[in-house]
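Engineer: Let me give you the structure first, and then I'll get to my questions.
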């Protein structure tokens, strides 16, 4: 089951653990139910690559990716590289996690995934 961070301190504690995994943080209430269901379904499949964290009490809405305690920026062509601001379906989510993990493991701090099919809303 994904971790639900209730406070900013809980979120920071989760981000500092498991430095060899990507931490995927779902921020805000807008996509909370969508990503909580998806995280439950995909947790086992992604367990070797990612740790999933839900953070409901946030002003942001969307996904952020962290690796080795630093933010990995994801450029999906929307202009905002710090957060993915729309819902991804399962295939898009899995493909995005794989691309971000491979790039972050190779030391990249920004990932361009415009070439993924149908990633833009």
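Residue numbers (this note's numbering): 182 to 302. Ideal Cβ placement from N, Cα and C applies to all residues, glycine included.
1) Whose CA, out of 268, 291, 227 and 226, lies closest to the CA of residue 208?
2) Report buried or exposed for residue 189, applying the criterion of at least 16 other Cβ atoms within 10 angstroms of its Cβ.
3) CB-CB under 7 Å to residue 300, same chain, minus the five flanking residues each way: which ones, in chain order?
4) From the DSSP output, which residues share a beta bridge with residue 251?
5) Assuming residue 233 and residue 220 form a contact by the criterion Cβ under 8 Å, report the distance between their Cβ atoms to the nearest whole angstrom.
6) Quick check on the DSSP output: the alpha helix (DSSP H) that includes residue 215 runs from which residue to which?
7) Identify which residue in 218, 185, 194 and 270 has its Cα closest to the Cα of residue 249.
8) Determine the extent of the beta strand (DSSP E) in which residue 232 is found, giving its start and end residues.
9) Which word fits residue 216, buried or exposed, when buried means at least 16 other C-beta atoms lie within 10 angstroms of its C-beta?
Structural biologist: Reading it off the structure:
1) Ranking 268, 291, 227 and 226 by Cα distance to residue 208 puts 268 first.
2) By the neighbour-count criterion, in which a residue is buried when 16 or more other Cβ atoms sit within 10 angstroms of its Cβ, residue 189 is exposed.
3) With a pLDDT of only 48 at residue 300, under the threshold of 50, the placement of this residue in the model should not be trusted, and no figure is reported.
4) Note: residue 251 sits in a beta bridge opposite 248.
5) Yes, they are in contact, since the Cβ atoms of residue 233 and residue 220 sit about 4 Å apart, within 8 Å.
6) Its alpha helix (DSSP H) spans residues 213-227.
7) The residue with the shortest Cα to Cα distance from residue 249 is 194.
8) 231-236 is the span of the beta strand (DSSP E), which, as asked, contains residue 232.
9) Residue 216 is buried by the Cβ-count criterion.
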